[in-house]
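From first to last, the protein sequence lines stand for chains A and B.
With the working numbering applied, the first sequence covers 1 to 415.
With the working numbering applied, the second sequence covers 1 to 117.
Think of the CB as a built atom: it goes at the ideal place given N, C-alpha and C, for glycine as much as any other residue.
Bear in mind the structure is a predicted one, so any value in this text is a computation, not a measurement.
The structure appears below as structure tokens.
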Amino acid sequence: MKGQVEVAVAEAHEREWSRVVGTFVRSTRDLDLAEDAAQDAFVSAIDAWARDGIPASPVAWLITAARRKAIDRQRRETNPLRKLPLLIVPGDDDVLPPDEIPDEHLRLIFTCCHPALAIKVRVALTLRLVCGLETATIARLFVVPLPTMAARITRAKKKSAISGIAYRVPEAHELPKRLPAVFSVVYLLFTAGHTAPSGDRLVQPELTRWALDLASIMAQFMPEEPEVLGLFGLLRLSDARREARVDSKGHLVLVERQDRLRWDHAAIQEGIVAVESSLVRTRGRLPGRYAPQAAIEAVHSEALGYEETDWQQLLCLYNLLREVAPSPIVEMNRAVIVSKLSGPDAGLAILDDLTDWDAGKHYYLFAAARADLLRRLGRVAEANAEYRRALALTDNGIEQGFLPERIGETDMAGA
Amino acid sequence: MKYLLMIYGPDDWSETSTPEQEAAEMEAHDAFAAYLQGRGAAFSGEALHPSNTATTLRPSENGDGFMVTDGPFVELKENLGGFYIIEAADLDDAIEVAKHCPNDHGIEIRPVLEFDS
Chain A
1 MKGQVEVAVA EAHEREWSRV VGTFVRSTRD LDLAEDAAQD AFVSAIDAWA RDGIPASPVA
61 WLITAARRKA IDRQRRETNP LRKLPLLIVP GDDDVLPPDE IPDEHLRLIF TCCHPALAIK
121 VRVALTLRLV CGLETATIAR LFVVPLPTMA ARITRAKKKS AISGIAYRVP EAHELPKRLP
181 AVFSVVYLLF TAGHTAPSGD RLVQPELTRW ALDLASIMAQ FMPEEPEVLG LFGLLRLSDA
241 RREARVDSKG HLVLVERQDR LRWDHAAIQE GIVAVESSLV RTRGRLPGRY APQAAIEAVH
301 SEALGYEETD WQQLLCLYNL LREVAPSPIV EMNRAVIVSK LSGPDAGLAI LDDLTDWDAG
361 KHYYLFAAAR ADLLRRLGRV AEANAEYRRA LALTDNGIEQ GFLPERIGET DMAGA
Chain B
1 MKYLLMIYGP DDWSETSTPE QEAAEMEAHD AFAAYLQGRG AAFSGEALHP SNTATTLRPS
61 ENGDGFMVTD GPFVELKENL GGFYIIEAAD LDDAIEVAKH CPNDHGIEIR PVLEFDS
């Protein structure tokens, strides 16, 4: 029984966490309390379900328990600030107007992405509260240290409570302003699943599937929005390579060595159609950040072999991406493309120009990219040291997979 | 909830503005006051003299008294020129109120810390 209960609680946690917290996001200003109460409810479920049996509707049980826990916590609270009236919800949550966002999770994501918080903060808070990602995972997605992210989320919850941010479902005219944050949430949710930042699995398909579903619902709900199609295309194309990204031993296989027959070509077609219609709709204007990324994925997907990749077109797309969404990560990837066209030293020069990028110093892909270019330049000892550094910087067992091989190669060459 | 609306603007406004501009400004604030009255909840507000008339009092470094300096707490290009204290249901509501307030350069909205009786 105990084992069964633990499995049931774990499953409910995976599936229903966001709904349990979400009920509060709609009914309280105190997100800290919402999270603590949800946590309490899951913990109490372990004993209660073992004693009374697993309830017919675990989620209803958890929501009721969380409400009770919240009231208990409020009573115990000695801080006068947190004794402020918390329940602000009008009871009309169940009646949805016809232009309402057609998915409960998506509605919660839009609700949580309140513009009174800085966009980075909004996105992190939503990933934590609505998507249920661990703070450590979110820190890795933002390439910042864990304490920085923990402090950011704590501050966001504090500001929400003190300044009276009301988490209510936004009206249709408020949606466009919230879109960039919502896109980031869906994209990062996918990224979290696509490259699980730690553990033995490279992919957490439940997260990638969830993100794809959200993007697809948005594409149907707001078809006039070109960025939605760009995002959907990007996720579809990235996901199409999933099967080929891990070999039979469970090691990460880089694009250059993937078996292209194992790609999902129907998904690739669907992705390419989305990217193309996104770009057609933005013709004459600059696209957003997702369509160019999706187009980059499309170029990779259309190449018959790695060596046949259209590097020139990729460079054009990276130059466009750099214009609409400049970031050190874009520069890092552009360096790899430049190295294909103009040689590894040109690529290395771009990487070595990124000296101001502090987070890059702790980013395993940056170390791995540098190592690769050094290896191609024949600077074997330096390459070896960078591969070792890259290995030390990732916690994902499968991502680590390809690095020992490279370290081995450069060890031998250096001997 | 109570919120403080802090209205920022350049210090030299009263020196560079024309009588017509000043009359228009007064009218705008009267209209805002009428809007607040229409909402029904209590409010208050004042306009301030420019920040070059400010005096700042800081605890002295050796801890045995105070140091008085001529000027505002922080020198800024745009300074606090006036404020309102308003009542609003939540931040969205406070932002809605602030949208009605005369605003040429920016308004900072701050929640007021309220204590139980």
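Using a Cβ-Cβ cut-off of 8 angstroms, residue 91(B) counts as an interface residue toward chain A, since at least one Cβ of chain A sits closer than that to its own.
The continuous stretches of alpha helix (DSSP H) do not include residue 79(B), which lies in the beta strand (DSSP E) extending over residues 78–87. Here residue 9(B) carries a strand assignment [DSSP, helix/strand/coil].
The Cβ atoms of residue 367(A) and residue 144(A) lie no closer than 8 angstroms to each other. For residue 26(B), there are no neighbours in chain A by C-beta distance under 8 angstroms, as the nearest C-beta there is about 30 angstroms away. Using a Cβ-Cβ distance cut-off of 8 angstroms, the region 152–160 of chain A and the region 122–132 of chain A are in contact, since at least three pairs of beta carbons, one from each stretch, lie closer than that value. Put simply, the CB of residue 162(A) is near chain B, with a gap under 8 angstroms to one of its CB atoms. In the DSSP annotation of this structure, the continuous segment of the beta strand (DSSP E) that includes residue 44(B) starts and ends at 44–47. Here residue 366(A) carries a helix assignment [DSSP, helix/strand/coil]. Residue 66(B) is bridged by DSSP to 59(B).
With at least 16 other beta carbons inside 10 angstroms of its own, residue 129(A) counts as buried. For residue 214(A), same chain residues with a beta-carbon under 8 angstroms away, outside a window of 5 residues either side, are 103, 105, 106, 109, 186, 189 in chain order. Residue 94(B) is not a Cβ neighbour of residue 107(B), given a cutoff of 8 angstroms.
By the neighbour-count criterion, in which a residue is buried when 16 or more other Cβ atoms sit within 10 angstroms of its Cβ, residue 318(A) is buried.
Note on the region 166–251 of chain A: whole alpha helix (DSSP H) runs with a minimum of 4 residues are 175–194, 205–221, 226–239, in chain order. Residue burial annotation: residue 44(B) is exposed, with fewer than 16 other C-beta atoms found within 10 angstroms of its C-beta.
For residue 314(A), the closest C-alpha among the options 127(A), 327(A), 335(A) is that of 335(A). For the region 108–138 of chain A, residues whose beta-carbon sits nearer than 7 angstroms to a beta-carbon of chain B comprise 116. Among the CB atoms of chain A, one or more fall inside 8 angstroms of the CB of residue 111(B). Residue 39(B): member of the alpha helix (DSSP H) spanning 19–39, first to last residue. The Cβ atoms of residue 70(A) and residue 37(A) sit closer than 8 angstroms to each other. Residues of the region 163–175 of chain A that bring their beta carbon within less than 7 angstroms of a beta carbon in chain B comprise 163, 164, 165, 166, in sequence order. Taking 8 angstroms as the threshold, the shortest C-beta distance from residue 6(B) to chain A does not fall below it.
By the criterion of at least three beta-carbon pairs nearer than 8 angstroms, the region 258–273 of chain A is in contact with the region 294–302 of chain A.
Contiguous alpha helix (DSSP H) elements confined to the region 103–159 of chain A occur at 104–112, 119–129, 135–141, taking only those with 4 or more residues.
Segment contact: the region 278–295 of chain A against the region 323–337 of chain A, three or more CB-CB distances shorter than 8 angstroms; contact assigned. Beta bridge pairing from DSSP links residue 3(B) with 86(B), 111(B). In the DSSP assignment, residue 62(A) falls within the alpha helix (DSSP H) that extends over 58–76.
Taking the C-beta atoms as reference points, residue 66(A) is found no nearer than 8 angstroms to residue 50(A). Annotation: Cβ neighbours of residue 1(B) in chain A (cutoff 7 angstroms, chain order): 164. Taking a cut-off of 8 angstroms for Cβ pairs, the region 378–397 of chain A and the region 50–68 of chain B do not touch, as fewer than three such pairs fall below it.
Residue 240(A) sits away from residue 210(A), with the two beta carbons spaced by 8 angstroms or more. Setting aside the 5 residues that flank it on each side, residue 388(A) is surrounded in the same chain by 407, each with a C-beta closer than 7 angstroms to its C-beta; the list follows chain order.
Here DSSP, grouped into helix, strand and coil, assigns residue 372(A) to helix. A Cβ-Cβ contact shorter than 8 angstroms links residue 32(B) with residue 102(B).
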